[in-house]
Amino acid sequence: MQVAEAIKDWVVEQGLQAGDRLPGEAELIERFGMAKGTIREAMRILEAQGLIKTRTGPGGGSFVHEVSQQRAKALLGNYFYFKDLTIGDIYQLRLTLEPELAASLAGKLSQSTLDLLEKTTAEYVEPAATLDEERDQHVASLRFHAILANQSQNPLLGFVIDFMVNLLTDLTVYRRLYSPPNIELWKQGRDHQQQLIAALRNGEADKARAIMTDHMKTAWKLMRQQEVEMESRFISE
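If you're matching positions, the sequence shown starts at 774 in the working numbering and goes up one per residue.
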């Protein structure tokens, strides 16, 4: 692990970018003063982390690799796998971060992004008729927030919000928090999102912040009700 960290530090110091070739094994052994087995294990660690990619054959070798957002979320998700997260854990952060994201995006979204938000809300224009539709509407409603996260000029803010949306989506589907259908959750969520689109389109930062704040508070309350309902079903069964 120490050698893997040393290699990462060296890559940064050298200003290497994604796609740049790393030195061969013999040079790494000499540069870091470690045995062949240690260097190979360090390289395997870096490859497992997605920071390097190895290719064989002509022109092969080890290359700097940029970790994709999807892979980073998957690795971080593994950390929380056994943490038994609750709706409250996630919404506590959402309430803090998403209103500021909304305010920062007011008046700055392209027409195509605004159209995508509108198209997304159109997927739940009417209450679900079946439980499967209810699940799909929950997922689509959360995708609305992922779209906003991906527009953030702050990559850390965007990543954290997008990660939370993924966690909540998985939690909702895995724990069946879409059952039983909650007509108030559907109505309040859709109304808030439509109001938010208007504020974002008109460049009303304070209004966008206020709408998102109310949206998060309401969703937290109603999703907590779903969580309690799920826990009650589990106990009774």
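Ideal Cβ positions, reconstructed from N, Cα and C, are used throughout, including at glycine. Source: prediction; values computed, not measured.
The Cβ neighbour count for R982, taken over all protein chains shown within 10 Å, is at least 16; the residue is labelled buried.
Here L882 is buried, its C-beta having at least 16 other C-beta atoms within 10 Å.
When Y864, L874, H911, P796 are compared, the shortest CA-CA separation from P928 is found for L874. Uninterrupted alpha helix (DSSP H) stretches at least 4 residues long and entirely within the stretch 841-881 occur at 842-853, 860-878, given in chain order. Pairing A971 with A876, the inter-Cα distance amounts to about 12 Å. Counting every other CB atom within 10 Å of its CB across the protein chains shown gives L801 a total of 16 or more, marking it as buried.
Three or more Cβ pairs closer than 8 Å define a contact, and the stretch 948-955 meets that threshold against the stretch 886-905. Counting along the chain, R828 sits inside the beta strand (DSSP E) bounded by residues 825-828. Of the other Cβ atoms in all chains shown, fewer than 16 fall within 10 Å of the Cβ of A895; this residue is therefore exposed.
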